[in-house]
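Note that this note's numbering has the sequence shown beginning at 667, numbered continuously upward. All C-beta atoms, glycine included, are put in the ideal place defined by N, C-alpha and C. Shown next, in structure tokens, is the structure this report addresses.
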Amino acid sequence: ADLRPHRVRMNEGNIPSTLLGTGLEFYGVREYTEGHELRHINWKASARTDRLLTNEYETERSGDVVIIVDGRSAAPEDVSSIKLMDACVEAAASVSAHLLRQRNRVGMIVLGEFIDVVKLAPGHRQLMKMNDAMLNAKVGEVRSLQGLNMMLDHYFPRTAMLLMISPLEDARMLDAVET
């Protein structure tokens, strides 16, 4: 799946941005103005037109992603609930590894027996923190979701993309994330 945050930050990443600047992807040629780097001058095009032209490149940026892993169940001791939690954890681990490889900042909220928050950060160390949080997660009872919105507001920016991995045993989960 091609998962990309819709809003990007100023840090470099792998998400093509509509902003022009230093990047690898060629965008076009335009007339040279004071302040452009000399190394970006397109000498062949300049020789054909008798005026200086520079190459423009698309920048690549990174984004913020928050993964919410829902491990709450009406029957926490049930074997099927534990298997659902394992499937959610496996999916979250795979998605988080993919997003971190794209140089995004990724954070996580694990809802289960306890609520665990991993703040936004990039890199391999972040993947290890999130894997630890998911390995320590246990299926918990269905409780109120008021704390989820408070944690989202407190720990994560509003511009972050929310990715929810849930068996949707609790219909209130969608309402809590939408608000």
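Among all the DSSP beta bridges, which residues are the ones paired with Ser-739?
Start at 1 with the first residue of the sequence shown, and residue 739 comes out as number 73. Residue pairing by DSSP puts Ser-739 in a beta bridge opposite Glu-807.
In the DSSP assignment, what are the bridge partners of Val-783?
Position 117 of the sequence shown, counted from the start, is the residue given in the question as residue 783. Note: Val-783 sits in a beta bridge opposite Ile-775.
Cβ-Cβ distance between Val-776 and Ala-740 below 8 Å
Looking up residue 776 in the sequence shown gives position 110. Looking up residue 740 in the sequence shown gives position 74. No. Outside cutoff.
Excluding five sequence neighbours on each side, which residues of the same chain lie with their C-beta closer than 7 Å to the C-beta of Val-755?
Here residue 755 refers to the residue found at position 89 when the sequence shown is read from its first residue. Excluding positions up to five away in sequence, the list reads Val-735, Met-800 and Ala-803.
Between the C-alpha atoms of Glu-700 and Gly-813, what's the straight-line distance to the nearest angstrom?
Indexing the sequence shown from 1 puts residue 700 at position 34. Indexing the sequence shown from 1 puts residue 813 at position 147. C-alpha separation (whole angstroms): 53 Å.
Contact between the region 761 to 772 and the region 723 to 733: three or more CB pairs below 8 Å?
Judged by Cβ distances under 8 Å, the region 761 to 772 makes contact with the region 723 to 733, as three or more pairs qualify.
Ile-733 and Ser-762 - do their beta-carbons sit closer together than 8 Å?
Sequence index remark: in the sequence shown, residue 762 carries index 96 (1-based). Sequence index remark: in the sequence shown, residue 733 carries index 67 (1-based). Yes; because the gap between Cβ atoms is below 8 Å, this pair is in contact.
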